[in-house]
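In what follows, a single structure is set out as structure tokens and then discussed.
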Amino acid sequence: MSICEKHLWPAFKYVLLAGAPIQKLIDNGGETHLFLNNQSLHILRNDNKIHIVKVLEKYKHFIDIGNLWADKGWKCFAHYYDPYSGKGIIPWVSATTECRNYFQLALHNWKLEKQQKSMFYLGAAAHILQDMCVPHHAMGIAFNGHRKFESWALINRNLFSIKDGGLYTFNDIADVIDFNSYTSQKYYNDVSYFNIQGYNRAAKELLSLAQRTTAYLFDHFFGLSC
Numbered sequence: 174m175s176i177c178e179k180h181l182w183p184a185f186k187y188v189l190l191a192g193a194p195i196q197k198l199i200d201n202g203g204e205t206h207l208f209l210n211n212q213s214l215h216i217l218r219n220d221n222k223i224h225i226v227k228v229l230e231k232y233k234h235f236i237d238i239g240n241l242w243a244d245k246g247w248k249c250f251a252h253y254y255d256p257y258s259g260k261g262i263i264p265w266v267s268a269t270t271e272c273r274n275y276f277q278l279a280l281h282n283w284k285l286e287k288q289q290k291s292m293f294y295l296g297a298a299a300h301i302l303q304d305m306c307v308p309h310h311a312m313g314i315a316f317n318g319h320r321k322f323e324s325w326a327l328i329n330r331n332l333f334s335i336k337d338g339g340l341y342t343f344n345d346i347a348d349v350i351d352f353n354s355y356t357s358q359k360y361y362n363d364v365s366y367f368n369i370q371g372y373n374r375a376a377k378e379l380l381s382l383a384q385r386t387t388a389y390l391f392d393h394f395f396g397l398s399c
């Protein structure tokens with residue numbers, strides 16, 4: 174973590190709590206994130222990871238709450254990561270740093286047998302991983318068609334649901350954040366303006382990627398916590 178990340182980000186979290194009206198211009202699509210959570214469970218089930226699904230279903234409410242919470246109070250500005258520079262939007266920490274922090278909190282609380290709190294933070298980590306499947310988040314650009322694409326994806330999300338094939342080959346959180354962001358950047362020109370053909374092309378690849386890598390995140394968590 175850079176000096177800027179270490180010292181400025183904690184202060185900014187408090188300063189920005191009052192910024193919700195402006196934030197509404199930027200973040201959108203909580204229902205899409207919940208859709209991705211739901212789909213990841215279907216994928217895990219169809220990939221024969223039934224034991225994981227049973228635990229996730231038990232705590233699904235807390236996963237969803239944590240996922241939605243991750244966007245509150247301007248925390249969304251820590252959901253950006255350019256894989257080429259390794260940075261997010263200064264002075265905010267990068268998505269990799271924020272996702273790792275939530276994931277470690279999830280592991281820590283699980284080991285303390287605080288399962289509900291653990292699943293809350295796992296949901297927050299999932300939100301950031303999912304955001305990296307939006308090209309704007311991978312480019313470090315908060316506007317320029319961001320809201321329009323996420324609104325369109327919200328309406329059309331069911332057209333891009335998948336049933337199986339989780340991506341379970343990553344070694345850690347940083348690897349999957351890198352993979353999602355590299356892939357997302359390729360579709361930025363398709364979604365930087367209202368463009369149905371481009372939207373469909375991007376969503377076909379990126380919503381599928383978000384579902385498959387969320388399944389990985391949940392599988393990876395239980396591989397480390399058990």
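To convert, count from 1 in the sequence shown and add 173; that's the working numbering. Even for Gly, the Cβ is constructed at its ideal location relative to N, Cα and C. As the structure is a computational prediction, the values presented were derived from the model and not from experiment.
Spatially closest choice to residue i from the options, by CA coordinates
i           : options            : result
residue 312 : 362, 380, 396      : 362
residue 238 : 372, 256, 299, 305 : 299
residue 230 : 308, 265, 212      : 212
residue 232 : 289, 241, 268      : 289
residue 348 : 390, 204, 291, 294 : 390
residue 399 : 281, 214, 267      : 281
residue 339 : 380, 315, 358      : 380
residue 337 : 385, 396, 271      : 385
residue 335 : 388, 270, 252      : 388
residue 205 : 357, 397, 304      : 304
residue 308 : 376, 332, 329      : 376
residue 274 : 252, 258, 235      : 252
residue 226 : 235, 234, 214      : 214
residue 272 : 394, 297, 264, 371 : 297
residue 277 : 341, 383, 322, 346 : 346
residue 259 : 360, 370, 383, 355 : 355
residue 306 : 235, 254, 397      : 254
residue 330 : 222, 342, 373      : 373
residue 267 : 320, 222, 314      : 314
residue 207 : 327, 283, 264      : 327
Helix, strand or coil at residue i [DSSP, three-state]
i           : result
residue 255 : strand
residue 360 : coil
residue 241 : helix
residue 312 : helix
residue 373 : helix
residue 265 : coil
residue 285 : coil
residue 216 : helix
residue 336 : coil
residue 221 : coil
residue 292 : helix
residue 343 : coil
residue 272 : helix
residue 307 : coil
residue 353 : helix
residue 324 : helix
residue 368 : coil
residue 397 : helix
residue 232 : coil
Per DSSP, cross-strand counterpart(s) of residue i
i           : result
residue 260 : 255
Environment of residue i [buried if 16+ CB atoms lie within 10 Å]
i           : result
residue 250 : buried
residue 325 : buried
residue 392 : buried
residue 353 : buried
residue 286 : exposed
residue 261 : buried
residue 293 : buried
residue 209 : buried
residue 248 : buried
residue 244 : buried
residue 310 : buried
residue 367 : exposed
residue 332 : exposed
residue 397 : exposed
residue 257 : exposed
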